[in-house]
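Encoded as C-alpha coordinates, the structure appears first; notes follow it.
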Amino acid sequence: MPTFVDRVVLHATAGDGGHGCASIHREKFKPLGGPDGGDGGRGGDVRLVVDPSVTTLLDFHFHPHQRASRGRPGQGSNRHGADGADLVLPVPDGTVVLTEDGEQIIDLVGPGSAFVLARGGRGGRGNAALASARRKAPGFAELGEPGEQLDAVLELKTVADVALVGFPSAGKSSLVSVLSAAKPKIADYPFTTLVPNLGVAQAGDRPPYTVADVPGLIPGASEGRGLGLEFLRHIERCSVIVHVLDCATLEPGRDPMTDLDVIEAELAAYSADLSDRPRLVVLNKIDVPDAAELAELVAPELRARDLAVFAVSTATRRGVHALSLALADLVAQHRAAAPARAATRIVLRPRAVNEPDFTVRPLGDGFLITGSKPERWVRQTDFTNDEAIGFLADRLARLGVEKELARLGATAGAEVTIGEVTFDWEPTLSGGGLGNGGLGVDDHPGGDGLAETGPGGRGPAGTAASGAAPSPGRGGDTGSSVSLGPRGTDDRLRASVRLTRAERMARRAAAVVDPAVRGEPAGRGEEEG
(Lines of atoms letter the chains of each structure in order from A; the text may use other names.)
(Lines give C-alpha, C1' and ligand atoms only; values in the text may rest on other atoms or scores of the structure.)
Protein backbone atom coordinates (compact mmCIF):
# COMPACT_ATOMS: atom_id res chain seq x y z
CA MET A 1 0.00 0.00 0.00
CA PRO A 2 1.46 3.40 -0.94
CA THR A 3 2.25 5.82 1.85
CA PHE A 4 3.29 8.78 -0.30
CA VAL A 5 1.21 9.98 -3.24
CA ASP A 6 2.08 13.19 -5.08
CA ARG A 7 -0.33 13.03 -8.02
CA VAL A 8 -4.05 12.24 -8.00
CA VAL A 9 -7.15 12.94 -10.06
CA LEU A 10 -9.88 14.48 -7.91
CA HIS A 11 -13.54 14.39 -8.95
CA ALA A 12 -15.16 17.28 -7.05
CA THR A 13 -18.91 17.88 -7.00
CA ALA A 14 -20.38 20.87 -5.20
CA GLY A 15 -23.74 20.66 -3.47
CA ASP A 16 -26.95 21.33 -5.36
CA GLY A 17 -29.09 24.24 -4.31
CA GLY A 18 -32.30 23.42 -2.45
CA HIS A 19 -35.62 23.70 -4.25
CA GLY A 20 -37.92 26.58 -3.50
CA CYS A 21 -41.30 25.85 -1.92
CA ALA A 22 -44.71 26.57 -3.45
CA SER A 23 -47.03 27.03 -0.48
CA ILE A 24 -50.15 29.05 0.40
CA HIS A 25 -50.67 30.36 3.92
CA ARG A 26 -53.72 28.80 5.52
CA GLU A 27 -55.04 30.13 8.80
CA LYS A 28 -58.42 30.59 10.39
CA PHE A 29 -60.05 33.93 9.60
CA LYS A 30 -57.43 34.59 6.89
CA PRO A 31 -59.03 33.46 3.63
CA LEU A 32 -56.41 35.24 1.51
CA GLY A 33 -53.24 34.23 3.30
CA GLY A 34 -51.12 34.55 0.18
CA PRO A 35 -48.00 32.64 -0.86
CA ASP A 36 -45.53 31.77 1.89
CA GLY A 37 -43.11 29.36 0.25
CA GLY A 38 -39.52 29.84 1.39
CA ASP A 39 -36.34 29.82 -0.69
CA GLY A 40 -34.03 26.83 -0.94
CA GLY A 41 -30.59 26.89 0.65
CA ARG A 42 -27.32 27.33 -1.24
CA GLY A 43 -25.30 24.22 -2.00
CA GLY A 44 -21.96 23.71 -0.29
CA ASP A 45 -18.65 24.54 -2.00
CA VAL A 46 -15.67 22.21 -2.38
CA ARG A 47 -12.62 24.05 -1.03
CA LEU A 48 -8.93 23.16 -0.93
CA VAL A 49 -7.00 24.52 2.07
CA VAL A 50 -3.27 24.13 2.72
CA ASP A 51 -2.67 22.28 5.99
CA PRO A 52 0.96 22.13 7.24
CA SER A 53 0.26 18.81 8.99
CA VAL A 54 -0.59 17.11 5.68
CA THR A 55 2.38 15.89 3.64
CA THR A 56 0.81 13.63 1.01
CA LEU A 57 -2.19 13.31 -1.28
CA LEU A 58 -2.79 9.77 -0.07
CA ASP A 59 -6.36 10.43 1.13
CA PHE A 60 -7.45 11.42 -2.37
CA HIS A 61 -5.80 8.30 -3.79
CA PHE A 62 -8.28 6.15 -1.86
CA HIS A 63 -11.21 8.60 -2.01
CA PRO A 64 -11.03 10.42 -5.37
CA HIS A 65 -14.73 11.37 -5.41
CA GLN A 66 -15.60 14.25 -3.08
CA ARG A 67 -19.07 15.78 -2.83
CA ALA A 68 -20.31 18.71 -0.74
CA SER A 69 -23.72 18.65 0.92
CA ARG A 70 -26.71 20.10 -0.86
CA GLY A 71 -28.90 22.94 0.36
CA ARG A 72 -32.11 22.14 2.14
CA PRO A 73 -35.42 22.87 0.39
CA GLY A 74 -37.59 25.78 1.45
CA GLN A 75 -40.75 25.21 3.45
CA GLY A 76 -44.04 26.92 4.10
CA SER A 77 -44.47 29.85 6.48
CA ASN A 78 -41.60 31.63 4.70
CA ARG A 79 -39.02 29.22 6.10
CA HIS A 80 -35.86 29.23 4.02
CA GLY A 81 -33.81 26.08 3.64
CA ALA A 82 -30.43 25.81 5.34
CA ASP A 83 -27.30 26.26 3.25
CA GLY A 84 -25.24 23.17 2.56
CA ALA A 85 -21.99 22.87 4.50
CA ASP A 86 -18.79 23.57 2.58
CA LEU A 87 -16.51 20.57 2.09
CA VAL A 88 -12.99 21.60 3.19
CA LEU A 89 -10.23 19.33 1.84
CA PRO A 90 -6.80 19.74 3.48
CA VAL A 91 -3.89 19.51 1.03
CA PRO A 92 -0.11 19.70 1.50
CA ASP A 93 1.84 22.90 1.09
CA GLY A 94 2.94 23.16 -2.54
CA THR A 95 -0.10 21.52 -4.15
CA VAL A 96 -0.69 22.52 -7.76
CA VAL A 97 -4.21 22.25 -9.21
CA LEU A 98 -4.34 21.43 -12.93
CA THR A 99 -7.02 20.72 -15.48
CA GLU A 100 -7.12 17.33 -17.16
CA ASP A 101 -5.36 18.96 -20.13
CA GLY A 102 -2.46 20.04 -17.91
CA GLU A 103 -3.36 23.74 -17.66
CA GLN A 104 -2.51 25.15 -14.25
CA ILE A 105 -5.46 26.55 -12.30
CA ILE A 106 -3.72 27.61 -9.09
CA ASP A 107 -0.58 26.94 -7.06
CA LEU A 108 -1.31 26.62 -3.34
CA VAL A 109 1.74 27.68 -1.35
CA GLY A 110 1.72 28.77 2.26
CA PRO A 111 -0.33 27.62 5.26
CA GLY A 112 -3.94 28.71 5.05
CA SER A 113 -3.95 29.24 1.28
CA ALA A 114 -7.39 28.27 -0.01
CA PHE A 115 -9.16 27.81 -3.32
CA VAL A 116 -12.79 27.09 -4.20
CA LEU A 117 -12.59 24.13 -6.56
CA ALA A 118 -16.34 23.80 -7.21
CA ARG A 119 -19.08 26.25 -6.23
CA GLY A 120 -22.42 25.17 -4.86
CA GLY A 121 -25.61 25.82 -6.76
CA ARG A 122 -28.03 28.62 -5.97
CA GLY A 123 -31.13 27.82 -4.03
CA GLY A 124 -34.43 28.13 -5.87
CA ARG A 125 -36.79 30.94 -4.95
CA GLY A 126 -40.07 30.06 -3.29
CA ASN A 127 -43.40 31.32 -4.55
CA ALA A 128 -43.42 34.07 -1.91
CA ALA A 129 -40.44 35.66 -3.67
CA LEU A 130 -42.07 35.16 -7.08
CA ALA A 131 -45.34 36.90 -6.20
CA SER A 132 -46.12 40.14 -8.00
CA ALA A 133 -48.94 42.65 -8.31
CA ARG A 134 -50.56 40.61 -11.09
CA ARG A 135 -49.64 37.14 -9.86
CA LYS A 136 -50.85 37.12 -6.30
CA ALA A 137 -50.26 33.43 -5.61
CA PRO A 138 -47.81 31.71 -7.98
CA GLY A 139 -48.43 27.99 -8.14
CA PHE A 140 -44.78 27.15 -8.71
CA ALA A 141 -41.30 27.70 -7.32
CA GLU A 142 -37.81 27.62 -8.77
CA LEU A 143 -35.68 24.50 -8.64
CA GLY A 144 -32.30 24.55 -6.98
CA GLU A 145 -29.37 25.05 -9.33
CA PRO A 146 -27.04 22.04 -9.68
CA GLY A 147 -23.60 22.40 -8.12
CA GLU A 148 -20.47 22.63 -10.25
CA GLN A 149 -18.57 19.48 -11.16
CA LEU A 150 -14.85 19.48 -11.89
CA ASP A 151 -12.26 16.80 -12.54
CA ALA A 152 -8.93 18.25 -11.44
CA VAL A 153 -5.40 16.89 -11.23
CA LEU A 154 -3.59 17.59 -7.96
CA GLU A 155 0.21 17.53 -8.06
CA LEU A 156 2.45 17.96 -5.05
CA LYS A 157 5.68 19.87 -5.46
CA THR A 158 7.49 19.52 -2.17
CA VAL A 159 8.38 22.81 -0.53
CA ALA A 160 11.95 22.17 0.65
CA ASP A 161 14.94 24.47 1.08
CA VAL A 162 17.57 21.92 0.06
CA ALA A 163 17.25 19.14 -2.53
CA LEU A 164 19.72 16.25 -2.55
CA VAL A 165 20.20 14.83 -6.04
CA GLY A 166 22.42 12.07 -7.34
CA PHE A 167 22.61 8.56 -8.73
CA PRO A 168 20.92 5.66 -6.92
CA SER A 169 22.84 4.42 -3.85
CA ALA A 170 24.92 7.61 -3.67
CA GLY A 171 24.06 7.99 0.03
CA LYS A 172 21.38 10.67 -0.13
CA SER A 173 19.06 9.01 2.40
CA SER A 174 21.98 8.46 4.77
CA LEU A 175 22.88 12.14 4.48
CA VAL A 176 19.30 13.19 5.32
CA SER A 177 19.36 10.93 8.37
CA VAL A 178 22.50 12.59 9.77
CA LEU A 179 21.49 16.15 8.88
CA SER A 180 18.06 15.82 10.49
CA ALA A 181 16.01 13.51 12.68
CA ALA A 182 14.37 11.85 9.67
CA LYS A 183 14.57 8.06 9.49
CA PRO A 184 14.36 7.11 5.81
CA LYS A 185 14.81 3.57 4.57
CA ILE A 186 18.51 2.86 3.97
CA ALA A 187 19.82 -0.23 2.16
CA ASP A 188 22.70 -1.28 -0.09
CA TYR A 189 20.74 -1.66 -3.34
CA PRO A 190 19.63 0.87 -5.98
CA PHE A 191 16.29 2.65 -5.76
CA THR A 192 15.86 2.02 -2.06
CA THR A 193 14.19 5.44 -1.93
CA LEU A 194 10.93 5.39 -3.88
CA VAL A 195 9.41 8.58 -2.46
CA PRO A 196 10.97 11.88 -1.39
CA ASN A 197 12.09 11.98 2.24
CA LEU A 198 11.82 15.25 4.13
CA GLY A 199 13.80 16.27 7.18
CA VAL A 200 14.25 19.45 9.20
CA ALA A 201 17.88 20.37 9.91
CA GLN A 202 19.21 22.72 12.59
CA ALA A 203 22.77 24.08 12.35
CA GLY A 204 23.92 25.90 15.47
CA ASP A 205 22.02 29.12 16.04
CA ARG A 206 20.96 29.38 12.37
CA PRO A 207 17.29 29.17 11.45
CA PRO A 208 16.12 25.62 10.67
CA TYR A 209 15.74 24.50 7.07
CA THR A 210 14.16 21.54 5.31
CA VAL A 211 16.05 18.90 3.32
CA ALA A 212 14.47 16.70 0.64
CA ASP A 213 16.00 13.44 -0.53
CA VAL A 214 14.93 12.99 -4.16
CA PRO A 215 14.93 9.38 -5.47
CA GLY A 216 17.93 8.45 -7.56
CA LEU A 217 18.32 9.91 -11.05
CA ILE A 218 19.76 8.07 -14.03
CA PRO A 219 20.51 9.09 -17.63
CA GLY A 220 17.23 9.83 -19.40
CA ALA A 221 15.37 10.73 -16.19
CA SER A 222 13.96 13.88 -17.81
CA GLU A 223 12.45 11.67 -20.52
CA GLY A 224 10.81 9.26 -18.09
CA ARG A 225 13.50 6.68 -17.39
CA GLY A 226 13.78 5.34 -13.87
CA LEU A 227 11.91 7.27 -11.19
CA GLY A 228 13.32 10.67 -12.06
CA LEU A 229 10.44 12.08 -14.05
CA GLU A 230 8.00 11.31 -11.24
CA PHE A 231 9.98 13.28 -8.68
CA LEU A 232 11.96 15.91 -10.57
CA ARG A 233 9.13 18.37 -9.91
CA HIS A 234 9.98 18.25 -6.20
CA ILE A 235 13.23 20.07 -7.00
CA GLU A 236 11.48 23.07 -8.58
CA ARG A 237 10.81 24.90 -5.30
CA CYS A 238 14.15 24.27 -3.58
CA SER A 239 16.58 27.04 -2.70
CA VAL A 240 19.80 25.00 -2.92
CA ILE A 241 20.72 21.95 -4.98
CA VAL A 242 23.23 19.53 -3.44
CA HIS A 243 24.97 17.01 -5.69
CA VAL A 244 25.73 13.87 -3.71
CA LEU A 245 28.55 12.05 -5.53
CA ASP A 246 29.58 8.50 -4.67
CA CYS A 247 33.35 8.26 -4.36
CA ALA A 248 33.25 4.52 -3.60
CA THR A 249 31.32 3.29 -6.63
CA LEU A 250 32.74 0.33 -8.55
CA GLU A 251 30.34 0.61 -11.49
CA PRO A 252 32.16 0.66 -14.85
CA GLY A 253 32.12 4.02 -16.60
CA ARG A 254 31.17 5.97 -13.47
CA ASP A 255 33.21 8.48 -11.50
CA PRO A 256 32.27 11.66 -9.57
CA MET A 257 32.83 14.02 -12.51
CA THR A 258 30.82 11.89 -14.94
CA ASP A 259 27.97 11.56 -12.44
CA LEU A 260 27.91 15.34 -11.95
CA ASP A 261 27.74 16.02 -15.69
CA VAL A 262 24.91 13.50 -16.19
CA ILE A 263 22.79 14.90 -13.36
CA GLU A 264 23.35 18.49 -14.50
CA ALA A 265 22.27 17.56 -18.03
CA GLU A 266 19.07 15.95 -16.71
CA LEU A 267 18.24 18.99 -14.57
CA ALA A 268 18.79 21.35 -17.50
CA ALA A 269 16.62 19.17 -19.76
CA TYR A 270 13.80 19.18 -17.21
CA SER A 271 13.73 22.91 -16.43
CA ALA A 272 16.00 25.77 -17.45
CA ASP A 273 15.06 27.63 -14.25
CA LEU A 274 17.09 25.16 -12.17
CA SER A 275 20.36 26.42 -13.66
CA ASP A 276 20.21 29.59 -11.51
CA ARG A 277 19.97 27.78 -8.15
CA PRO A 278 22.99 27.76 -5.81
CA ARG A 279 24.83 24.45 -5.78
CA LEU A 280 27.02 22.45 -3.44
CA VAL A 281 28.89 19.23 -4.09
CA VAL A 282 29.18 16.49 -1.48
CA LEU A 283 31.86 13.85 -2.04
CA ASN A 284 30.34 11.02 -0.03
CA LYS A 285 31.66 7.76 1.49
CA ILE A 286 35.21 8.99 2.10
CA ASP A 287 35.49 6.43 4.92
CA VAL A 288 35.72 3.65 2.29
CA PRO A 289 39.29 2.69 1.26
CA ASP A 290 40.58 4.65 -1.75
CA ALA A 291 37.48 6.92 -1.68
CA ALA A 292 39.31 9.67 0.23
CA GLU A 293 42.11 9.70 -2.35
CA LEU A 294 39.57 9.96 -5.18
CA ALA A 295 37.84 12.84 -3.39
CA GLU A 296 41.13 14.73 -3.05
CA LEU A 297 41.81 14.11 -6.74
CA VAL A 298 38.52 15.52 -8.09
CA ALA A 299 38.04 18.34 -5.55
CA PRO A 300 40.31 20.86 -7.38
CA GLU A 301 38.50 20.28 -10.66
CA LEU A 302 35.14 20.85 -8.97
CA ARG A 303 36.34 24.05 -7.31
CA ALA A 304 37.52 25.24 -10.72
CA ARG A 305 33.84 25.21 -11.71
CA ASP A 306 33.06 27.60 -8.81
CA LEU A 307 31.44 24.83 -6.79
CA ALA A 308 31.77 24.53 -3.02
CA VAL A 309 33.02 21.02 -2.20
CA PHE A 310 32.56 19.07 1.04
CA ALA A 311 34.07 15.65 1.69
CA VAL A 312 31.64 13.77 3.93
CA SER A 313 31.27 10.41 5.62
CA THR A 314 27.79 9.69 6.93
CA ALA A 315 29.10 6.62 8.76
CA THR A 316 31.62 8.59 10.85
CA ARG A 317 29.81 11.98 10.48
CA ARG A 318 33.04 13.51 9.25
CA GLY A 319 32.39 16.86 7.52
CA VAL A 320 28.64 16.77 8.27
CA HIS A 321 28.64 19.75 10.67
CA ALA A 322 30.53 22.01 8.25
CA LEU A 323 28.15 21.01 5.45
CA SER A 324 25.12 21.78 7.63
CA LEU A 325 26.43 25.25 8.49
CA ALA A 326 27.12 26.02 4.82
CA LEU A 327 23.64 24.91 3.81
CA ALA A 328 22.04 27.04 6.54
CA ASP A 329 23.96 30.11 5.35
CA LEU A 330 22.99 29.56 1.71
CA VAL A 331 19.33 29.08 2.61
CA ALA A 332 19.38 32.26 4.73
CA GLN A 333 20.89 34.22 1.83
CA HIS A 334 18.26 32.90 -0.56
CA ARG A 335 15.43 33.77 1.82
CA ALA A 336 16.75 37.30 2.28
CA ALA A 337 17.08 37.86 -1.48
CA ALA A 338 13.71 36.33 -2.35
CA PRO A 339 10.91 38.89 -2.78
CA ALA A 340 8.22 38.87 -0.14
CA ARG A 341 5.22 36.84 -1.17
CA ALA A 342 2.47 39.34 -1.84
CA ALA A 343 -1.05 38.63 -0.76
CA THR A 344 -3.36 37.50 -3.51
CA ARG A 345 -5.20 40.49 -4.94
CA ILE A 346 -8.84 40.02 -5.71
CA VAL A 347 -9.61 41.93 -8.88
CA LEU A 348 -13.26 42.71 -9.47
CA ARG A 349 -14.02 43.04 -13.14
CA PRO A 350 -17.56 44.38 -13.62
CA ARG A 351 -19.34 43.42 -16.77
CA ALA A 352 -19.34 46.03 -19.51
CA VAL A 353 -22.52 48.05 -19.78
CA ASN A 354 -22.96 47.14 -23.43
CA GLU A 355 -22.20 43.44 -22.97
CA PRO A 356 -25.22 41.37 -24.05
CA ASP A 357 -26.97 39.05 -21.60
CA PHE A 358 -27.19 36.33 -24.23
CA THR A 359 -26.07 35.38 -27.70
CA VAL A 360 -27.98 33.51 -30.41
CA ARG A 361 -26.23 31.64 -33.18
CA PRO A 362 -27.38 29.09 -35.76
CA LEU A 363 -26.91 25.43 -34.85
CA GLY A 364 -27.76 23.05 -37.66
CA ASP A 365 -31.42 23.61 -38.53
CA GLY A 366 -32.05 25.40 -35.24
CA PHE A 367 -30.47 27.94 -32.94
CA LEU A 368 -28.29 27.84 -29.83
CA ILE A 369 -28.79 30.42 -27.08
CA THR A 370 -25.94 30.95 -24.65
CA GLY A 371 -25.64 33.23 -21.67
CA SER A 372 -25.47 32.92 -17.91
CA LYS A 373 -29.01 34.22 -17.35
CA PRO A 374 -31.01 32.09 -19.80
CA GLU A 375 -28.99 28.98 -18.98
CA ARG A 376 -29.53 29.46 -15.25
CA TRP A 377 -33.25 30.09 -15.77
CA VAL A 378 -33.62 26.86 -17.71
CA ARG A 379 -31.79 24.87 -15.02
CA GLN A 380 -34.11 26.26 -12.35
CA THR A 381 -37.38 25.70 -14.25
CA ASP A 382 -39.76 22.88 -13.31
CA PHE A 383 -40.95 21.67 -16.71
CA THR A 384 -43.73 19.61 -15.14
CA ASN A 385 -45.49 22.84 -14.16
CA ASP A 386 -47.23 24.86 -16.88
CA GLU A 387 -47.05 28.06 -14.87
CA ALA A 388 -43.30 27.65 -14.37
CA ILE A 389 -42.86 27.18 -18.11
CA GLY A 390 -44.86 30.33 -18.70
CA PHE A 391 -42.67 32.22 -16.27
CA LEU A 392 -39.56 31.04 -18.16
CA ALA A 393 -41.04 31.97 -21.54
CA ASP A 394 -41.95 35.46 -20.38
CA ARG A 395 -38.50 36.02 -18.90
CA LEU A 396 -36.86 34.99 -22.17
CA ALA A 397 -39.20 37.22 -24.16
CA ARG A 398 -38.56 40.17 -21.88
CA LEU A 399 -34.82 39.58 -22.22
CA GLY A 400 -35.17 39.94 -25.99
CA VAL A 401 -34.72 36.32 -27.05
CA GLU A 402 -37.83 36.23 -29.25
CA LYS A 403 -36.91 39.43 -31.06
CA GLU A 404 -33.40 38.16 -31.72
CA LEU A 405 -34.70 34.83 -33.02
CA ALA A 406 -37.12 36.63 -35.31
CA ARG A 407 -34.34 38.91 -36.54
CA LEU A 408 -32.22 35.87 -37.43
CA GLY A 409 -35.08 34.38 -39.43
CA ALA A 410 -36.32 31.70 -37.06
CA THR A 411 -39.62 30.15 -38.13
CA ALA A 412 -42.32 28.46 -36.09
CA GLY A 413 -41.24 25.01 -34.98
CA ALA A 414 -37.52 25.76 -35.16
CA GLU A 415 -35.39 23.95 -32.62
CA VAL A 416 -33.98 26.29 -29.99
CA THR A 417 -31.43 24.92 -27.52
CA ILE A 418 -30.64 26.55 -24.18
CA GLY A 419 -28.23 24.62 -22.01
CA GLU A 420 -29.32 20.97 -22.05
CA VAL A 421 -32.93 21.66 -23.08
CA THR A 422 -34.23 21.91 -26.65
CA PHE A 423 -37.49 23.74 -27.41
CA ASP A 424 -39.76 24.02 -30.43
CA TRP A 425 -40.01 27.76 -30.92
CA GLU A 426 -43.48 29.17 -31.55
CA PRO A 427 -43.53 32.96 -31.92
CA THR A 428 -46.28 35.07 -30.41
CA LEU A 429 -49.16 36.04 -32.67
CA SER A 430 -48.38 39.69 -32.09
CA GLY A 431 -45.37 39.13 -34.27
CA GLY A 432 -41.80 38.27 -33.32
CA GLY A 433 -42.06 38.75 -29.58
CA LEU A 434 -44.13 40.35 -26.90
CA GLY A 435 -43.27 43.86 -27.97
CA ASN A 436 -43.71 46.63 -25.42
CA GLY A 437 -45.07 44.64 -22.54
CA GLY A 438 -46.95 42.19 -24.77
CA LEU A 439 -49.94 40.17 -23.76
CA GLY A 440 -49.84 38.81 -20.25
CA VAL A 441 -46.64 40.54 -19.21
CA ASP A 442 -46.09 42.04 -15.80
CA ASP A 443 -43.04 43.45 -14.14
CA HIS A 444 -41.58 41.50 -11.26
CA PRO A 445 -40.29 43.89 -8.63
CA GLY A 446 -38.54 41.37 -6.43
CA GLY A 447 -36.71 39.22 -8.94
CA ASP A 448 -34.62 39.99 -11.99
CA GLY A 449 -37.00 42.70 -13.27
CA LEU A 450 -38.28 40.25 -15.88
CA ALA A 451 -41.75 39.48 -17.19
CA GLU A 452 -43.89 36.60 -16.06
CA THR A 453 -47.03 34.95 -17.42
CA GLY A 454 -49.55 32.37 -16.32
CA PRO A 455 -49.93 28.87 -17.80
CA GLY A 456 -52.10 28.03 -20.76
CA GLY A 457 -55.75 28.57 -20.01
CA ARG A 458 -55.15 29.90 -16.51
CA GLY A 459 -55.00 33.42 -15.12
CA PRO A 460 -52.43 34.69 -12.68
CA ALA A 461 -54.37 33.53 -9.64
CA GLY A 462 -55.82 30.37 -11.13
CA THR A 463 -58.90 32.07 -12.70
CA ALA A 464 -60.31 30.01 -15.55
CA ALA A 465 -59.80 31.88 -18.81
CA SER A 466 -60.04 29.19 -21.48
CA GLY A 467 -62.22 30.37 -24.30
CA ALA A 468 -62.84 33.80 -22.80
CA ALA A 469 -63.11 36.80 -25.00
CA PRO A 470 -59.70 38.40 -25.58
CA SER A 471 -58.94 41.48 -23.63
CA PRO A 472 -56.21 43.92 -24.54
CA GLY A 473 -52.88 43.40 -22.84
CA ARG A 474 -50.50 46.10 -21.87
CA GLY A 475 -49.00 47.78 -24.85
CA GLY A 476 -52.15 47.34 -26.93
CA ASP A 477 -51.60 43.70 -28.05
CA THR A 478 -54.72 41.56 -28.32
CA GLY A 479 -55.38 37.91 -28.90
CA SER A 480 -53.83 34.85 -27.34
CA SER A 481 -50.15 34.17 -27.86
CA VAL A 482 -47.96 31.10 -27.97
CA SER A 483 -44.43 31.06 -26.61
CA LEU A 484 -41.79 28.44 -25.88
CA GLY A 485 -42.70 24.93 -24.82
CA PRO A 486 -40.24 22.15 -24.02
CA ARG A 487 -39.64 19.85 -26.94
CA GLY A 488 -41.10 16.37 -26.68
CA THR A 489 -44.01 17.29 -24.35
CA ASP A 490 -47.70 17.76 -25.14
CA ASP A 491 -48.02 20.85 -22.98
CA ARG A 492 -47.51 23.99 -25.04
CA LEU A 493 -47.26 27.29 -23.30
CA ARG A 494 -50.03 29.70 -24.21
CA ALA A 495 -50.10 33.10 -22.59
CA SER A 496 -53.35 33.54 -20.69
CA VAL A 497 -56.01 36.05 -21.65
CA ARG A 498 -56.10 38.48 -18.74
CA LEU A 499 -59.45 39.63 -17.37
CA THR A 500 -59.77 43.11 -16.02
CA ARG A 501 -60.82 43.59 -12.43
CA ALA A 502 -64.23 44.88 -13.53
CA GLU A 503 -64.80 41.81 -15.70
CA ARG A 504 -63.91 39.45 -12.87
CA MET A 505 -66.27 41.23 -10.47
CA ALA A 506 -69.04 41.12 -13.08
CA ARG A 507 -68.59 37.40 -13.57
CA ARG A 508 -68.64 36.73 -9.85
CA ALA A 509 -71.86 38.74 -9.49
CA ALA A 510 -73.42 36.84 -12.37
CA ALA A 511 -72.41 33.53 -10.79
CA VAL A 512 -74.24 34.46 -7.60
CA VAL A 513 -77.44 35.41 -9.48
CA ASP A 514 -77.43 32.58 -12.01
CA PRO A 515 -75.67 29.30 -11.02
CA ALA A 516 -75.47 28.32 -14.67
CA VAL A 517 -72.89 31.04 -15.19
CA ARG A 518 -70.49 29.21 -12.88
CA GLY A 519 -69.61 26.81 -15.69
CA GLU A 520 -67.29 27.49 -18.59
CA PRO A 521 -66.99 31.12 -19.72
CA ALA A 522 -68.35 32.26 -23.02
CA GLY A 523 -66.42 31.24 -26.13
CA ARG A 524 -64.43 33.53 -28.35
CA GLY A 525 -66.42 36.28 -29.96
CA GLU A 526 -69.33 35.94 -27.51
CA GLU A 527 -70.27 38.60 -25.02
CA GLU A 528 -69.73 37.70 -21.37
CA GLY A 529 -72.42 38.38 -18.80
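So for the sequence shown, the UniProt record's numbering puts the first residue at 1; every next one is plus one.
Backbone N, C-alpha and C fix where the C-beta goes; we use that ideal spot for every residue, glycine too.
By the beta-carbon neighbour count (other beta carbons within 10 angstroms, threshold 16), Thr411 is exposed. Within the same chain, no Cβ atom closer than 6 Å to the Cβ of Thr249 is found once the five residues on either side in sequence are excluded. For Lys30, the beta-bridge partners assigned by DSSP are Glu27. Within the same chain, Gly15, Gly44, Gly84 and Ala85 come within 7 Å of Ser69 by CB-CB distance, once the 5 residues on both sides are set aside. Inter-residue distance for Cys238 and Pro92 is about 16 Å (C-alpha atoms, whole angstroms). Secondary structure note for Glu251: it is in no beta strand (DSSP E), with a DSSP letter that is neither H nor E. If one requires a minimum length of 4 residues, the alpha helix (DSSP H) runs lying completely within the stretch 228 to 313 are 228 to 231, 256 to 270 and 291 to 303, in chain order. Counting along the chain, the unbroken beta strand (DSSP E) around Asn197 starts and ends at Asn197 to Ala201.
Distance from Arg26 to Gly34 at the Cβ level is roughly 10 Å; contact not present, criterion being Cβ atoms closer than 8 Å. When beta bridges are read from the DSSP output, Arg361 appears opposite Leu368.
Under the 8 Å Cβ criterion, the stretch 162 to 177 does not count as touching the stretch 46 to 59, having fewer than three qualifying pairs. Secondary structure of His11 (DSSP, three-state): strand. Here Phe62 carries a helix assignment [DSSP, helix/strand/coil]. It is roughly 34 Å from the alpha-carbon of Ala414 to the alpha-carbon of Ala133. According to DSSP, residue pairing for Asp107 in a beta bridge involves Val96.
With contacts defined as CB atoms closer than 8 Å, Gln66 and Leu98 fail to qualify as a contacting pair. DSSP places Glu387 in the helix class (H, G or I) of the three-state scheme. Inter-segment contact for the stretch 311 to 327 and the stretch 136 to 151 is absent: fewer than three beta-carbon pairs are separated by less than 8 Å. Taking C-beta atoms under 8 Å as the contact rule, Phe367 and Leu399 fail to qualify, at a distance of about 15 Å. Around the CB of Leu323, 16 or more other CB atoms lie within 10 Å, so the residue is classed as buried. Between the beta-carbon of Gly20 and that of Gly74 there is about 5 Å, and that keeps the pair under the 8 Å contact cut.
Residue state for Gln380 is assigned as coil, using DSSP reduced to three classes.
By a beta-carbon distance limit of 8 Å, Asp151 contacts Glu100. Their separation comes to about 6 Å. Between the stretch 110 to 128 and the stretch 55 to 63, the count of Cβ pairs shorter than 8 Å is below three; the stretches do not touch.
DSSP, reduced to helix, strand and coil, places Leu323 within a helical segment of the structure shown.
The residues Pro256, Leu283, Asn284, Lys285, Ile286, Ala291, Leu294 and Ala295, in chain order, have a CB closer than 7 Å to that of Cys247 in the same chain once the five nearest residues on each side in sequence are set aside.
Judged by beta-carbon spacing, Leu280 lies beyond the 8 Å limit of Gly204, meaning their Cβ atoms are not closer than that value. If you compare the alpha carbons of Gly319, Pro289 and Pro278 with that of Arg305, the shortest gap goes to Pro278. Pairing Phe383 with Lys373 gives a Cβ-Cβ distance that is not under 8 Å. As the crow flies, the alpha-carbon of Glu426 is around 9 Å from that of Glu402.
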